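Asks: Have a look at this one before I ask anything.
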Amino acid sequence: MEEAGREGPELSAAPPAGTAPESPARSDAEAFRLRAPAPRVVRLSRKVLAMIGIGAGLGIGGSLTYALQHRPPAAPPERATSGEGRTKSEVVTGAPDDYSKVPKLGAPLPGDLGRPILSAQQNGQVGVGQPDPRHAAAEQARQRMEQEREAARNSRVFLAGGNAASVEGGIAAPGPVLDADASNRPSGAGSSLPAAPAAGQSARRAFLEGKANGANESAERLVAPTSPNILQAGTFVPAALITGIRSDLPGHVSAQVTQNVYDSPTGRILLIPQGARLLGEYDSEISAGQNRVLLAWTRLILPDGRSIQLDRQPGVDPAGMAGLQDRTNHHWGNMLRAAAISTLLGVGSELVTGNDDRLTRALRFGTQDTVNQTGRQLVQREMNVPPTLTIRPGYPVRVLLTRDLILESMEGGR
38 MEEAGREGPE LSAAPPAGTA PESPARSDAE AFRLRAPAPR VVRLSRKVLA
88 MIGIGAGLGI GGSLTYALQH RPPAAPPERA TSGEGRTKSE VVTGAPDDYS
138 KVPKLGAPLP GDLGRPILSA QQNGQVGVGQ PDPRHAAAEQ ARQRMEQERE
188 AARNSRVFLA GGNAASVEGG IAAPGPVLDA DASNRPSGAG SSLPAAPAAG
238 QSARRAFLEG KANGANESAE RLVAPTSPNI LQAGTFVPAA LITGIRSDLP
288 GHVSAQVTQN VYDSPTGRIL LIPQGARLLG EYDSEISAGQ NRVLLAWTRL
338 ILPDGRSIQL DRQPGVDPAG MAGLQDRTNH HWGNMLRAAA ISTLLGVGSE
388 LVTGNDDRLT RALRFGTQDT VNQTGRQLVQ REMNVPPTLT IRPGYPVRVL
438 LTRDLILESM EGGR
């Protein structure tokens, strides 16, 4: 009985007939699964998408077709033309029926006095008679003379130069002219008249027209040199700069003679040995467009300590041209920076909105004028800065003697 009771439950736990027994490995895997099952992917139907696309295309095509169809313009609505509501002008109602009834006009009357004269004539008063042609001609002549006198007062003034000095019959000779009211016009005002020649042109004309001495024989005679130890005018003394030159400030310059200089008559007597010192000055007044520094030599110091004044002999370059030219700085960078600042200030002042009130606009316009003027002054200041000329030490230079120079011969110079 006990064996039958023990075996009974085991027989009842058996799977029913017709079902497959579970695999022990699969059940264990499901029991130990750590991840959730992946969601299923939802896909759209291709047929539905195709139908939606076709419908949208048909709708867009129909809209375009309807919009591009040519339709005749609609007739404008007719205005209600009823003359009952309009009031006719008295001038229109009182006008004549045709041109035969138009009143004839009389003689033309002066503009400002026309109405008073016409009213006086209508009231039976004495009217103004026809003007006398002789009085009209006299009045025209008087007005013409007044205009000529006014034109003469406002005409240009003849300046000295050319044949302006010769005046006959009150008519000035032709020559350079200058507008009488030129000082009253701004400097930037344009004029179609030619400008008056500069003072330098008058000086050049006088130089060309200067009369030479009428004598066919010169009164001058040859002069023998007063000393054999002479350097005559036109002699070059070669040297090289010891100190540099910068034209921002005036200053002195020093140079050293690089070659022996001999007398002019024979070329055998040594007068200025190599190594002598030259002292001079340079001109710092530089104008716009200038690129050469003007030199003047004032003293010559020999190696033995003796010296002589040179009376400001000019300094030239190795080619004989006046002054020295090495490096030139036109300050373009500063000028461009000033122009850029002026442009930025002008752009900022131009940003004025139209919705501001009158006080704000007045303040903006005042600021704009001030800023524009400041920008112009910045640019003008940089344009007025002269170029800076620089001559480096060691630059070759020559002293051109313009007067005879008498020296003493150096020992061993022969």
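Mapping of the sequence shown onto my numbering: residues 38 to 451, in sequence order. Glycine is no exception: its CB is placed at the ideal position from the N, C-alpha and C atoms. Only a predicted model underlies this, so the values are computations on that prediction, with no experimental measurement involved.
Mind checking arginine 186: buried by the 16 CB within 10 Å criterion, or exposed?
Replies: Start at 1 with the first residue of the sequence shown, and residue 186 comes out as number 149. So arginine 186 counts as exposed.
Asks: On the premise that isoleucine 309 lies in contact with valine 330, defined as a C-beta separation below 8 Å, what is that separation, rounded to the nearest angstrom?
Replies: As a position in the sequence shown, residue 330 is number 293, starting the count at 1. As a position in the sequence shown, residue 309 is number 272, starting the count at 1. 24 Å between Cβ atoms; not a contact.
Asks: Measure the Cβ-Cβ separation of glycine 352 and alanine 333 and say whether it is below 9 Å.
Replies: As a first step, residue 352 must be located in the sequence shown, where it is residue number 315. As a first step, residue 333 must be located in the sequence shown, where it is residue number 296. The answer is yes: Cβ separation under 9 Å.
Asks: Between the C-alpha atoms of glycine 98 and leucine 81, what's the straight-line distance to the nearest angstrom?
Replies: Residue numbering aside, residue 98 sits at position 61 when the sequence shown is read from its first letter. Residue numbering aside, residue 81 sits at position 44 when the sequence shown is read from its first letter. Looking at the two C-alpha atoms, the distance is approximately 26 Å.
Asks: Kindly indicate the opening and closing residues of the beta strand (DSSP E) around aspartate 348.
Replies: For the purposes of this step, residue 348 is taken as residue 311 along the sequence shown, with counting starting at 1. Element bounds for aspartate 348: 344 to 353.
Asks: When the Cα atoms are used, what is the spatial distance from alanine 277 to glycine 431?
Replies: Position 240 of the sequence shown, counting from 1, holds the residue named residue 277. Position 394 of the sequence shown, counting from 1, holds the residue named residue 431. Using only the alpha carbons, I get a separation of about 5 Å.
Asks: Could you tell me the alpha carbon to alpha carbon distance between arginine 429 and threonine 280, rounded to whole angstroms?
Replies: Within the sequence shown, the letter at position 392 stands for residue 429. Within the sequence shown, the letter at position 243 stands for residue 280. For arginine 429 and threonine 280, the distance between alpha carbons rounds to 8 Å.
Asks: Below 8 Å on the Cβ atoms is my guess for arginine 440 versus alanine 270; work out the distance and round it to an integer in Å.
Replies: Within the sequence shown, the letter at position 403 stands for residue 440. Within the sequence shown, the letter at position 233 stands for residue 270. Yes, arginine 440 and alanine 270 are in contact; Cβ-Cβ is about 6 Å, under 8 Å.
Asks: In whole angstroms, give me the CA-to-CA distance for alanine 399 and glutamine 184.
Replies: Here residue 399 corresponds to residue number 362 of the sequence shown, with the count starting at 1. Here residue 184 corresponds to residue number 147 of the sequence shown, with the count starting at 1. If I take the Cα positions, the gap works out to 44 Å.
Asks: Less than 8 Å between the CB atoms is what I'm expecting for phenylalanine 273 and leucine 437, so what's the real figure, rounded?
Replies: Position 236 of the sequence shown, counting from 1, holds the residue named residue 273. Position 400 of the sequence shown, counting from 1, holds the residue named residue 437. With 8 Å as the limit, phenylalanine 273 and leucine 437 qualify as a contact, their Cβ atoms being about 6 Å apart.
Asks: I believe proline 424 touches threonine 365 by the beta-carbon criterion, under 8 Å. Please report the beta-carbon distance rounded to the nearest angstrom.
Replies: The count along the sequence shown starts at 1 and reaches residue 424 at position 387. The count along the sequence shown starts at 1 and reaches residue 365 at position 328. About 5 Å separates the two Cβ atoms, so the contact holds.
Asks: Determine the contact status of isoleucine 267 and serine 301, defining contact as a CB-CB distance below 9 Å.
Replies: To locate residue 267, count along the sequence shown from 1; it is residue 230. To locate residue 301, count along the sequence shown from 1; it is residue 264. Yes.
Asks: Leaving out five residues on either side along the sequence, give the residues of the same chain with a beta carbon under 7 Å from the beta carbon of glutamate 445.
Replies: Position 408 of the sequence shown, counting from 1, holds the residue named residue 445. Asn266.
Asks: According to the neighbour-count rule (16 or more other Cβ atoms, all chains shown, within 10 Å of its Cβ), is isoleucine 91 buried or exposed?
Replies: For the purposes of this step, residue 91 is taken as the residue at position 54 of the sequence shown. When all chains shown are included, isoleucine 91 counts as exposed.
Asks: Rounded to whole angstroms, how far is the Cβ of proline 355 from the Cβ of proline 433, which I believe are closer than 8 Å?
Replies: One-based indexing of the sequence shown puts residue 355 at position 318. One-based indexing of the sequence shown puts residue 433 at position 396. Proline 355 to proline 433, Cβ: 5 Å. Contact.
Asks: Alpha carbon to alpha carbon, how far is threonine 397 from alanine 240?
Replies: As a working note, residue 397 is residue 360 in the sequence shown. As a working note, residue 240 is residue 203 in the sequence shown. Computed Cα separation, rounded: 58 Å.
Asks: What is the DSSP secondary structure of isoleucine 306, counted as helix, strand or coil?
Replies: Locating residue 306 in the sequence shown gives position 269, counting from the first residue. Here isoleucine 306 sits in coil by DSSP.
Asks: Let me know if valine 139 comes out buried or exposed under the rule of 16 or more other beta-carbons within 10 Å of its beta-carbon.
Replies: Numbered from 1 along the sequence shown, position 102 holds the residue referred to as residue 139. Valine 139 is exposed by the Cβ-count criterion.
Asks: Under 9 Å, do leucine 307 and methionine 447 count as touching if we go by C-beta distance?
Replies: Here residue 307 refers to the residue found at position 270 when the sequence shown is read from its first residue. Here residue 447 refers to the residue found at position 410 when the sequence shown is read from its first residue. In contact: leucine 307 and methionine 447 (Cβ atoms closer than 9 Å).
Asks: Taking the DSSP output, what are the residues bridged to glutamate 318?
Replies: Against the sequence shown, residue 318 aligns to sequence position 281. Glutamate 318 is bridged to His289 and Ala333.
Asks: Give the straight-line distance between the Cα atoms of serine 284 and threonine 427, rounded to the nearest whole angstrom.
Replies: Taking the first residue of the sequence shown as position 1, residue 284 is located at position 247. Taking the first residue of the sequence shown as position 1, residue 427 is located at position 390. Near 7 Å, if we compare the C-alpha coordinates of threonine 427 and serine 284.
Asks: Identify every run of the alpha helix (DSSP H) within the segment 353 to 438, keeping only runs that are complete inside it and at least 4 residues long; order them along the chain.
Replies: As far as the segment 353 to 438 is concerned, its whole alpha helix (DSSP H) runs of at least 4 residues are 369 to 387 and 395 to 421.
Asks: Can you tell me the Cα-Cα spacing of tyrosine 103 and alanine 93, whole angstroms?
Replies: The residue you call residue 103 lines up with position 66 of the sequence shown. The residue you call residue 93 lines up with position 56 of the sequence shown. So the alpha carbons of these two residues sit roughly 15 Å apart.
Asks: Answer with buried or exposed for alanine 325, where buried requires no fewer than 16 other C-beta atoms within 10 angstroms of its C-beta.
Replies: Start at 1 with the first residue of the sequence shown, and residue 325 comes out as number 288. With fewer than 16 other Cβ atoms within 10 Å, it is exposed.
Asks: Could you pull the start and end residues of the alpha helix (DSSP H) that alanine 93 belongs to?
Replies: Within the sequence shown, residue 93 is the residue found at index 56, counting from 1. Note, alanine 93: alpha helix (DSSP H), 83 to 104.
Asks: How would you call isoleucine 89, buried or exposed, if buried means at least 16 neighbouring beta carbons within 10 angstroms?
Replies: What you label residue 89 is simply residue 52 of the sequence shown in a count that begins at 1. Exposed: under 16 other Cβ atoms inside 10 Å.
Asks: May I have the straight-line CA-CA distance separating asparagine 328 from methionine 358, to the nearest angstrom?
Replies: Start at 1 with the first residue of the sequence shown, and residue 328 comes out as number 291. Start at 1 with the first residue of the sequence shown, and residue 358 comes out as number 321. Roughly 13 Å separates the two Cα atoms.
Asks: Secondary structure at isoleucine 154, three-state DSSP: helix, strand or coil?
Replies: Locating residue 154 in the sequence shown gives position 117, where the first residue counts as 1. Helix.
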